[in-house]
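Engineer: The opening residue of the sequence shown carries number 6 in the working numbering; numbering runs sequentially from there.
For every residue, glycine included, the Cβ atom is placed at its ideal position computed from N, Cα and C.
I'd like to ask you about the structure that follows.
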Amino acid sequence: MGANPVEQQPKSINQEPKRPKRIGDLLIEAGIITQEKLEAALTESRATGDPIGVVLIRQGHVSDRQLGQMLAVQHNTAYFNVTEHNFDKEVLEILPEEFIRRNKVIPISIDKKKNRITVVMSRPDDLEVLDEISLLTGLRPVPMVSTHKELDEILQQFFTVKQSAAEAMAHLSADIDKGDIYDTDTIADQMAEELQADDKPVVKLVNSLLIEAIETGASDVHMEPQKERLLIRYRIDGILREAMSIPKKMAAAVVSRVKIVSGMDIAEKRRPQDGRMKISIGRSEFDMRVNTMAVMYGEKVCIRILRPTATAGGFEKLGFGEDEIRKINKMIRAPHGVCLVTGPTGSGKTTTLYSCLREINTPEKNIVTIEDPVEYPLAGINQTQVSTKAGLTFAMCLRAILRQDPDIIMVGEIRDNETLEAAIHAALTGHLVFSTLHTNSAGATITRMLEMGTPAYLLSSAIIGVMAQRLVRRTCPKCKRPYKASKEEIQLLRVRPGPQGITLYKGKGCDRCGGTGYEGRLGLYEIMNFDREIQTLIDRKASSFQITETAVKNGMLTLAMDGRRKALAGLTTITELQRILGIDLEG
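Here's what the structure looks like:
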């Protein structure tokens with residue numbers, strides 16, 4: 006670098022370099038804060054040593070985005086919100102972790118053609134750090150600015166909390182080899198405090214497993230004791246994938262750590278136990294539902310990850326089309342009646358019900374739910390959890406809720422005739438009731454309720470609609486490639502091909518989808534609104550086939566029809582439809 010021009014000539018008032026405006030002055034000029042608020046923040050900043058921006062955010066005078074935008078003006082660069090960015094691990098690893106943490110600088114992209122690396126910093130005018138980045142990477146750094154708070158959150162997410170599972174296992178193995186402190190028979194008495202210390206290898210190992218599961222999009226974590234190992238598997242997009250194999254000698258410590266943070270009794274190893282725990286990553290907090298049960302070689306643990314964004318967004322996010330949204334809106338905006346969502350376990354019924362409640366939740370309505378358990382907290386909605394030990398069944402809670410002046414009721418699941426009759430009674434007395442039932446199709450739902458002993462005339466009077474659903478894996482948008490459908494696929498699609506045949510899509514497999522060709526899931530839906538024709542068939546106790554045939558004639562799409570439509574649109578694949586709906590895609 007050349008000599009500093011200020012040092013080459015005598016200093017004068019006119020020749021002194023122009024200093025950038027202070028961040029506080031910029032915020033005042035923008036009308037974001039007042040002089041009084043700035044003075045108060047400066048006083049706290051001097052007392053605590055925290056940067057003025059951090060203090061202003063803490064006091065609630067400035068948002069992260071407002072401060073970031075003013076920092077960009079101050080440093081004549083661009084503001085970059087790191088908390089809204091999906092980071093590439095390969096880019097992050099181009100700089101040493103110690104350097105990133107020490108200087109609060111995060112690499113976000115590399116342009117090899119232009120020989121430059123874009124980095125985000127809290128002080129983009131720090132020339133020493135920029136020079137060091139250039140030396141470390143051989144690339145020209147292009148700085149952008151973010152706030153201290155946003156950078157701290159990302160650093161905590163990627164470096165402070167996360168530790169290599171292999172490294173944690175190595176330390177845990179060394180601890181175990183020193184003695185029998187992690188022995189299965191003595192762990193309950195000797196290791197309760199040891200398993201709660203954050204710096205212990207077993208704690209770091211469990212944290213690493215859970216963070217990896219969250220980052221890979223897993224819905225469940227399975228810890229399965231085998232003869233010689235503890236097998237760790239993640240359920241991602243409905244499919245179990247092996248994630249790690251932990252030596253048998255570590256199994257008791259890992260399982261006990263999970264039981265302690267979930268509020269379980271680590272001394273009890275024979276009876277099944279239920280618990281809950283939480284883990285925070287950056288701004289997001291993840292609630293986890295935990296269950297243990299004894300199997301041949303120890304205790305099996307299943308951890309359900311309840312994601313805070315799972316129920317966010319409208320019906321479009323769940324895979325509903327315009328016509329389906331119109332049908333479901335007709336059901337959920339009825340003044341009274343029973344709306345049912347059906348499907349097997351894991352088909353997304355609860356998510357759909359929560360989305361329905363969010364859609365119609367207003368301050369004028371009293372909405373009460375009965376769940377087992379309460380999976381997601383819903384603002385403005387009264388949620389109740391059943392407890393069989395205390396005698397609080399679905400039916401008992403439902404009868405009690407009717408004395409709470411509800412407008413809308415959600416019953417997590419109809420499991421018996423008592424609950425079904427209570428739900429129908431609530432609907433006939435002017436309430437809108439939502440619930441779920443385990444049946445394979447909308448038409449089969451009527452047959453199932455008749456078999457439960459409910460009179461047909463009550464069903465035709467109270468039920469206003471049934472929606473059956475399944476979840477299929479979505480074709481990865483990054484590696485999706487077109488191909489010509491085979492004769493067998495055309496037959497399954499039940500469409501007449503044109504001269505050029507039919508083009509379908511499948512994922513090739515990439516880093517984004519973990520080589521599977523799929524990323525995320527979407528719903529297949531079968532929505533049956535009860536019109537007079539359907540009600541008449543129910544009164545006559547018609548078969549599920551007759552009811553379905555009539556509904557299709559009146560415009561209903563079956564699950565298979567919806568699946569074929571989404572495969573033709575490139576949203577999923579024929580292979581995935583066959584896995585979920587059956588080899589011949591009947592319906």
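Return the chain-ordered list of same chain residues with a C-beta closer than 8 Å to the C-beta of HIS436, the five sequence neighbours on each side being excluded.
Structural biologist: Position 431 of the sequence shown, counted from the first residue, corresponds to residue 436. The residues are HIS341, LEU407, PRO411, ASP412, ILE413, ILE414.
Engineer: How many angstroms separate the CA atom of ILE115 from the CA atom of GLY348?
Structural biologist: Numbered from 1 along the sequence shown, position 110 holds the residue referred to as residue 115. Numbered from 1 along the sequence shown, position 343 holds the residue referred to as residue 348. Whole-angstrom Cα-Cα distance: 46 Å.
Engineer: Can you tell me the Cα-Cα spacing of PRO504 and LEU564, whole angstroms?
Structural biologist: Counting from 1 along the sequence shown, the entry for residue 504 is found at position 499. Counting from 1 along the sequence shown, the entry for residue 564 is found at position 559. If you take the alpha carbons of PRO504 and LEU564, they lie about 28 Å apart.
Engineer: Confirm, please, whether the CB-CB distance from THR82 to VAL134 is below 7 Å.
Structural biologist: As a first step, residue 134 must be located in the sequence shown, where it is residue number 129. As a first step, residue 82 must be located in the sequence shown, where it is residue number 77. It is not a contact, given that the beta carbons lie outside the stated cut-off.
Engineer: The ligand HEM and LEU442: does any heavy atom of the ligand fall closer than 6 Å to the residue's C-beta?
Structural biologist: The ligand HEM is not among the ligands present in this structure, which contains no ligands whatsoever.
Engineer: Whole angstroms are fine: how far does the CA of TYR462 sit from the CA of ARG545?
Structural biologist: Your numbering for residue 545 matches position 540 in the sequence shown. Your numbering for residue 462 matches position 457 in the sequence shown. Cα-Cα distance, rounded: 9 Å.
Engineer: Mind checking whether ARG526 and LEU476 have CB atoms under 7 Å apart?
Structural biologist: As a first step, residue 526 is located in the sequence shown; it is residue number 521 there, counting from the start. As a first step, residue 476 is located in the sequence shown; it is residue number 471 there, counting from the start. Contact flag set, yes.
Engineer: Whole angstroms is fine: what's the gap from GLY560's alpha carbon to SER446's?
Structural biologist: Position 555 of the sequence shown, counted from the start, is the residue given in the question as residue 560. Position 441 of the sequence shown, counted from the start, is the residue given in the question as residue 446. Roughly 16 Å between the two C-alpha positions.
Engineer: Put VAL4 into one of helix, strand or coil per three-state DSSP.
Structural biologist: Absent from the structure is residue 4, since the part of the chain shown begins at 6 and ends at 592.
Engineer: Tell whether a beta-carbon distance below 7 Å holds between TYR510 and LYS485.
Structural biologist: For this step, residue 510 is matched to residue 505 along the sequence shown. For this step, residue 485 is matched to residue 480 along the sequence shown. Yes, they are a contact pair.
Engineer: Helix, strand or coil for THR347 per DSSP?
Structural biologist: The count along the sequence shown starts at 1 and reaches residue 347 at position 342. Strand.
Engineer: Does the CB of GLU369 have a neighbour CB from chain C at under 7 Å?
Structural biologist: Absence of chain C from the displayed structure is noted, only one protein chain being present.
Engineer: Should ILE244 go down as buried or exposed, given a rule of 16 or more other Cβ atoms within 10 Å for buried?
Structural biologist: Within the sequence shown, numbered from 1, the residue matching residue 244 stands at position 239. So ILE244 counts as exposed.
Engineer: Have a look at ILE365 and THR374 and give me their C-alpha separation to the nearest angstrom.
Structural biologist: Position 360 of the sequence shown, counted from the first residue, corresponds to residue 365. Position 369 of the sequence shown, counted from the first residue, corresponds to residue 374. For ILE365 and THR374, the distance between alpha carbons rounds to 14 Å.
Engineer: On the DSSP bridge assignment, give the partners of TYR302 in chain order.
Structural biologist: For the purposes of this step, residue 302 is taken as residue 297 along the sequence shown, with counting starting at 1. For TYR302, which the question treats as bridged, DSSP gives no partner whatsoever.
Engineer: Please report the Cβ distance between ILE552 and GLY470, rounded to the nearest whole angstrom; I am assuming they are in contact, meaning their Cβ atoms lie under 8 Å.
Structural biologist: The residue given as residue 552 occupies position 547 in the sequence shown. The residue given as residue 470 occupies position 465 in the sequence shown. Going by Cβ atoms, the distance from ILE552 to GLY470 rounds to 13 Å, so no, they are not a contact pair.
Engineer: Which residues in the same chain as LYS154 place their Cβ atom closer than 7 Å to its Cβ, once the five residues preceding and following it in sequence are excluded?
Structural biologist: One-based indexing of the sequence shown puts residue 154 at position 149. Once the five neighbours on either side are set aside, the close Cβ partners of LYS154 are VAL59, ILE62, ASP69.
Engineer: Does the separation of the CB atoms of VAL129 and ILE138 fall below 7 Å?
Structural biologist: What you label residue 129 is simply residue 124 of the sequence shown in a count that begins at 1. What you label residue 138 is simply residue 133 of the sequence shown in a count that begins at 1. The sequence given here has Pro at residue 129, not Val. Not in contact: PRO129 and ILE138 (Cβ atoms no closer than 7 Å).
Engineer: Taking the CB atoms as reference points, tell me whether ALA428 and VAL557 lie closer together than 7 Å.
Structural biologist: Taking the first residue of the sequence shown as position 1, residue 428 is located at position 423. Taking the first residue of the sequence shown as position 1, residue 557 is located at position 552. No. Outside cutoff.
Engineer: Go through the stretch 75–102 residue by residue and report every complete run of the beta strand (DSSP E) that reaches 3 residues or more, in order.
Structural biologist: The qualifying runs do not exist here; there are none.
Engineer: Taking all protein chains shown into account, do 16 or more other C-beta atoms lie within 10 angstroms of the C-beta of THR39, making it buried, or fewer, making it exposed?
Structural biologist: Sequence index remark: in the sequence shown, residue 39 carries index 34 (1-based). Burial call: exposed.
Engineer: Just tell me which of THR88, ARG238, ILE105 has its CA closest to the CA of VAL96.
Structural biologist: Within the sequence shown, numbered from 1, the residue matching residue 96 stands at position 91. The shortest C-alpha separation from VAL96 is found at ILE105.
Engineer: Going by C-alpha distance, which of VAL263, THR357, ARG51, GLU220 is nearest ARG517?
Structural biologist: Position 512 of the sequence shown, counting from 1, holds the residue named residue 517. Residue GLU220 is the option with its Cα nearest to ARG517.
Engineer: Determine the contact status of ILE265 and ALA248, defining contact as a CB-CB distance below 7 Å.
Structural biologist: For the purposes of this step, residue 265 is taken as residue 260 along the sequence shown, with counting starting at 1. For the purposes of this step, residue 248 is taken as residue 243 along the sequence shown, with counting starting at 1. The answer is no: Cβ separation not under 7 Å.
Engineer: With DSSP as the reference, identify every bridge partner of ASN534, one or two as the case may be.
Structural biologist: In the sequence shown, residue 534 corresponds to position 529, counting from 1. Paired residues: GLY470.
Engineer: As a quick exercise: from ASP270, GLU233, PHE291, pick the residue whose alpha carbon is nearest that of ILE216.
Structural biologist: Numbered from 1 along the sequence shown, position 211 holds the residue referred to as residue 216. If we check each option's Cα against that of ILE216, PHE291 comes out closest.
Engineer: From the DSSP secondary-structure annotation, give me the bridge partner or partners of ALA223.
Structural biologist: Here residue 223 corresponds to residue number 218 of the sequence shown, with the count starting at 1. Its beta-bridge partners are ILE241.
Engineer: Report the rounded CA-to-CA distance for THR441 versus CYS361, giving the unit in angstroms.
Structural biologist: Along the sequence shown, read from residue 1 onward, the residue named residue 441 stands at position 436. Along the sequence shown, read from residue 1 onward, the residue named residue 361 stands at position 356. Straight-line Cα distance between these residues: approximately 13 Å.
Engineer: Have a look at THR521, ARG501, ILE507, MET269 and flag the residue whose alpha-carbon is nearest the alpha-carbon of THR480.
Structural biologist: As a position in the sequence shown, residue 480 is number 475, starting the count at 1. When each option's Cα is compared against that of THR480, the closest is THR521.
Engineer: Quick check on LYS513: does DSSP put it in helix, strand or coil?
Structural biologist: The sequence position of residue 513 within the sequence shown is 508, counting from 1. Coil, per DSSP.
Engineer: What residue range is occupied by the uninterrupted beta strand (DSSP E) comprising GLU376?
Structural biologist: Here residue 376 corresponds to residue number 371 of the sequence shown, with the count starting at 1. Segment 372–376, the beta strand (DSSP E) holding GLU376.
Engineer: Between the C-alpha atoms of ALA572 and LEU323, what's the straight-line distance to the nearest angstrom?
Structural biologist: Here residue 572 refers to the residue found at position 567 of the sequence shown. Here residue 323 refers to the residue found at position 318 of the sequence shown. Approximately 16 Å between the Cα atoms of the pair.
Engineer: If distances are taken between C-alpha atoms only, which option among ARG453, THR459, GLU89 comes closest to GLU158?
Structural biologist: Taking the first residue of the sequence shown as 1, we reach residue 158 at position 153. Selected option, being the one with the closest Cα: GLU89.
Engineer: Give me, in chain order, the residues of the same chain whose beta-carbon lies closer than 6 Å to that of HIS80; leave out the 5 immediate sequence neighbours on both sides.
Structural biologist: For this step, residue 80 is matched to residue 75 along the sequence shown. Contacts found: PRO129, ASP130, VAL150.
Engineer: Only counting the same chain, and skipping five residues up and downstream in sequence, which positions put a Cβ closer than 6 Å to that of ALA400?
Structural biologist: By 1-based counting over the sequence shown, the position of residue 400 is 395. Excluding positions up to five away in sequence, the list reads GLU423, THR424, ALA427.
Engineer: Considering Cα atoms alone, identify which of GLU376, GLU229, GLN231, ARG240 is closest to ILE386.
Structural biologist: By one-based count along the sequence shown, residue 386 stands at place 381. Closest option to ILE386, Cα to Cα, is GLU376.
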